[in-house]
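Structure first, then comments.
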Amino acid sequence: MNDVVRKVRNLTTDEKLHLVIGDKLGTTADGSAVVGTTEKYVPGAAGNTFAIPRLGITSVVMADGPAGVRIDSTRKGTNRTFYCTHFPIATLLASTWNSALVHDVGHAIGDEAKEYGIDVLLAPAINIQRNPLCGRNFEYYSEDPLLAGKLGAAYINGVQEMDVGTSLKHFAVNNQETNRQNVDVRISQRALREIYLKGFEIAVKESRPWTIMSSYNRINGVYASESHDLLTTLLRREWDFDGMVMTDWYGGSDAVAQLKAGNDLLMPGRKSQYDQLQKAIAHGDLSRKALDINVGRILRLMSRTHRFQGDQYTNQVDLKAHAAIARQSAVEGMVLLKNEEKTLPMQGIQRLALFGCTSYRWIAGGIGSGNVNSAYTVSLVEGMKNAGIAVDTVLQKRYDSYIQDYYDHAAPPQGPYARFLSVALPKEMYIDKREIARLARQQDMAVITLGRLSGEFIDRSIRDFQLDSAERRLIEDVCETFHAQRKKVVVLLNIGGVIETASWKAKPDAILCTWQGGQEGGNSVVDLLTGKTTPSGKLAVTFPNNYEDELSAANFPDDAPQITFNRDKAEQISSERKNIDYVNYDEDIYVGYRYFDSFGKAVSFPFGYGLSYTTFESRGASVMQKGDVVTVSVMIQNTGLYAGKETLQLYVAAPKGQLNKPKKELKAFAKTSLLQPGQSERVTLSFDIHDLSSFDEAASAWRTEAGIYRLFIGNSSNDILSSLSLRVRSYQKKVSDILAANGQLNNLK
Ligand code: BGC
0 MNDVVRKVRN LTTDEKLHLV IGDKLGTTAD GSAVVGTTEK YVPGAAGNTF AIPRLGITSV
60 VMADGPAGVR IDSTRKGTNR TFYCTHFPIA TLLASTWNSA LVHDVGHAIG DEAKEYGIDV
120 LLAPAINIQR NPLCGRNFEY YSEDPLLAGK LGAAYINGVQ EMDVGTSLKH FAVNNQETNR
180 QNVDVRISQR ALREIYLKGF EIAVKESRPW TIMSSYNRIN GVYASESHDL LTTLLRREWD
240 FDGMVMTDWY GGSDAVAQLK AGNDLLMPGR KSQYDQLQKA IAHGDLSRKA LDINVGRILR
300 LMSRTHRFQG DQYTNQVDLK AHAAIARQSA VEGMVLLKNE EKTLPMQGIQ RLALFGCTSY
360 RWIAGGIGSG NVNSAYTVSL VEGMKNAGIA VDTVLQKRYD SYIQDYYDHA APPQGPYARF
420 LSVALPKEMY IDKREIARLA RQQDMAVITL GRLSGEFIDR SIRDFQLDSA ERRLIEDVCE
480 TFHAQRKKVV VLLNIGGVIE TASWKAKPDA ILCTWQGGQE GGNSVVDLLT GKTTPSGKLA
540 VTFPNNYEDE LSAANFPDDA PQITFNRDKA EQISSERKNI DYVNYDEDIY VGYRYFDSFG
600 KAVSFPFGYG LSYTTFESRG ASVMQKGDVV TVSVMIQNTG LYAGKETLQL YVAAPKGQLN
660 KPKKELKAFA KTSLLQPGQS ERVTLSFDIH DLSSFDEAAS AWRTEAGIYR LFIGNSSNDI
720 LSSLSLRVRS YQKKVSDILA ANGQLNNLK
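541 is the number that numbering that gives the first Met the number 0 gives to position 542 of the sequence shown; each next residue is one higher, with no gaps.
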């Protein structure tokens, strides 16, 4: 008999009920301020499971990610600090298109988790970036499931090599923050299978996460955490997931339904759940056998942890080495969007005028549980100084005092989530044209940083997507005045989610989307501006011309009220409010480039796009199939003047058939190593032939239609370097008919 089975046998029913509910039971009936109260083990951790010392059952301690380990940096009774490294946000990591790099970031985060006594890291989060306004897009990877799934798997493999578990989240279809705990996502089986579940399927199969976190929302009427279809039929039976499933914090409403569905652990734990479960066991509504299955999975997870194995943790991490990883990974995910007349890398530039409040208060990442308590954030002005580049100090002083004054008087965030929120960013300071003219005369170049801060609990508004009048004026005045002196202007986007670029992008000479690169952000940006490193990031999400161009805009909340939902108070919830109580995914599978590309809609910057300082040429593309694996290979040569890396993207277009398919879909990607000028490399891109199938709802099957498929090798979704063709045989694989929508969906088919 194995140890876990023996332990389950020796437990009392009361102990089992405690085990399936996180160890916050009874202490937080009002549901507030739970994260950060796991003082006993690791202050600032998000939660832990119940320990039963008489049987040697230890707690499993969990802390948030994904941009690093989220714990408190200070502790009562000691002057020591417990900082963690703030790594780049997931959207930036996705823009590296570099699985090995994401793996290494995961590895470093896993190391910090291990040394701080964390057993399970609550990351990565691979929900699809369905709409630019989702407040949590910064924690997510991409609008494309293949990219999100592959990079999510790389991150998980990196963390778990340290024998620290991960929790792949939020499973599934958690694409908005507005009323996230209750919203009903109404969606077709096809969009679920091909877009919203696909990334999870890839990550589960390629990295075997120790745990999965079910999401708050409902899917076609059923809470994700209560969905047997999702958590058992699909996840465990179809995908062979053998780990443990936990709820998101306070997710779902019916503890009994959750356990029966295969959601083993209810986090962070509430007294009402204990009462519900006890009653259900007494009345036979929940069988002891079912409970034992949940308990067994929790114990199996526990038995894998360092804490259970008695390994000591040091509370010492190599912050210096990890800062170097943060700096280098951020460099690789920043995307050069525009570079007229070789504005970048800066040549012969000694002195700069830095505009925009964000240049002086750089944003490392987003807010909410995805924030990290790091020791510092390198701002752009600090990054410049570190590289020996002078900035105009009169302008710097003006900004410093403007920003200080703003924060001295700004109202702190209010409401139940206040401790997770942050004061709004200051509006841009007005600088009159005479002052700009002085700067244009005295300085060699202007840099303007635009910043955005978003996070958990609140979606962004259309206003946040757009530039406000102060930002527009700043760009206009600086460009006009500097250009009059024949000096260049570079705009930096220190953002966590997509913003509007189409209306103003013609004005500056160069635009670099720096995303939010973690604590070393300012240094990373300067590495690129000075040409120490050549940009190689590519967009993992489309930048549309207008917000309204997004197909999902018709069905996404804008300026919805902030909603707090507390089940213990049995708050009454309406079910009528469009985009709040329910949301129709009418765009179906046409998310991101799948829409823009298929329907010929112009965009500002397409998916997969990103410039370099050097140039690449490709030749000799070929395709071969061995068994089920298709491999495309191509020679890439660096034909420019700078050492650099190139990302190749393989898109596949299906022949016309019965199934309605996007114009083309990403099926593989690969990045070269650092190529010196003149150097060549053979790049291979592989995929499984069955990955060409689409989900046929009528047959409840993955189906490929026979014919000649076109394979496009591009360095962007709209820049195809070469194309090949492949004869494909028909294929069909029946799967369970699950997660169906209740009524008619108004899908775009
Ligand atoms: C978030 C999760 C997080 C959990 C624990 C929830 O509010 O949605 O992503 O892991 O809190 O902090």
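For each residue, glycine too, the CB sits at the ideal point set by N, CA and C.
Small disclaimer: the values here were computed from a predicted structure and weren't measured.
For Leu473, the enclosing alpha helix (DSSP H) starts and ends at 468-483. Under the three-state reduction of DSSP output, Asp183 falls in the strand class.
As summarised for the region 85-132, the continuous beta strand (DSSP E) elements at least 3 residues long and confined to that stretch are 119-121, given in chain order. Taking the C-beta atoms as reference points, Ala256 is found no nearer than 8 Å to Gln272. Measuring C-alpha to C-alpha distances from Ile51 to each of Asp22, Thr73, Leu473 identifies Asp22 as the nearest. Our two residues, Ser699 and Pro144, have alpha carbons roughly 20 Å apart in a direct line.
Within the region 360-396, not a single complete beta strand (DSSP E) segment reaches 3 residues in length. The region 424-440 and the region 472-482 touch, with three or more beta-carbon pairs separated by less than 8 Å. Around the beta-carbon of Phe598, fewer than 16 other beta-carbon atoms lie within 10 Å, marking it exposed. Taking the CA atoms as reference points, Tyr650 sits about 10 Å from Asn714.
Rounded to the nearest angstrom, the gap between the Cα atoms of Gly517 and Gly364 is 6 Å. DSSP places Met301 inside the alpha helix (DSSP H), whose first and last residues are 287-302. Classified as buried, Ile579 has 16 or more neighbouring CB atoms from the shown chains inside 10 Å of its CB. Between the alpha carbons of Leu264 and Ile20 lies a distance of about 6 Å. Taking 8 Å as the cut-off, the Cβ atoms of Val182 and Ser213 do not count as close. Taking a C-beta distance under 8 Å as the contact criterion, Leu343 and Ala509 qualify as a contact pair.
Taking non-hydrogen atoms of ligand 1 into account, the C-beta of Leu491 is found less than 7 Å away from none of them.
Counting only the Cα atoms, Glu645 lies some 15 Å from Leu92. In this model, Ser373 and Gly67 are separated by some 9 Å (Cα to Cα). In the DSSP assignment, Gln346 falls outside any beta strand (DSSP E), carrying neither H nor E.
Sixteen is the threshold: since fewer than 16 other Cβ atoms of the shown chains lie within 10 Å of the Cβ of Tyr406, the residue is exposed.
Beta-bridge partners of Val489 (DSSP): Val446, Ala509. Exclusion of the five residues before and after Ala279 leaves Val255, Leu285 as the residues of its chain whose Cβ lies within less than 6 Å of its Cβ. Out of Ser226, His321, Ala260, the CA that lies nearest to the CA of Pro87 is found in His321.
Annotation for Lys168 indicates a beta carbon within 7 Å of some heavy atom of ligand 1.
Placement of the Cβ of Ala417 at a distance of 7 Å or more from every heavy atom of ligand 1 is found. Note on geometry: alpha-carbon atoms of Ala410 and Ser224 lie some 37 Å from one another. Placement of the Cβ of Ser358 at a distance of 7 Å or more from every heavy atom of ligand 1 is found. Closest in alpha carbon position to Pro676, among Asn78, Ser611, Val104, is Ser611. Sorting Leu528, Val524, Lys506, Asn545 by C-alpha distance to the C-alpha of Glu499 places Asn545 at the top. A distance below 6 Å between beta-carbons, with the five flanking residues on each side excluded, links Ser551 to the following residues of its chain, in chain order: Arg129, Asn130, Glu586. Residue environment for Lys341: exposed (fewer than 16 other C-beta atoms within 10 angstroms of its C-beta). Shown here for Val631: same chain residues with a beta carbon closer than 8 Å to its own, the five before and five after excluded, namely Ala620, Ser621, Val622, Leu649, Ala667, Thr683, Leu684, Ser685, Leu710, Ile712, Leu723 in chain order. Residue state for Asn554 is assigned as helix, using DSSP reduced to three classes.
For the pair Gly157 and Tyr592, the Cα-to-Cα distance works out to about 29 Å.
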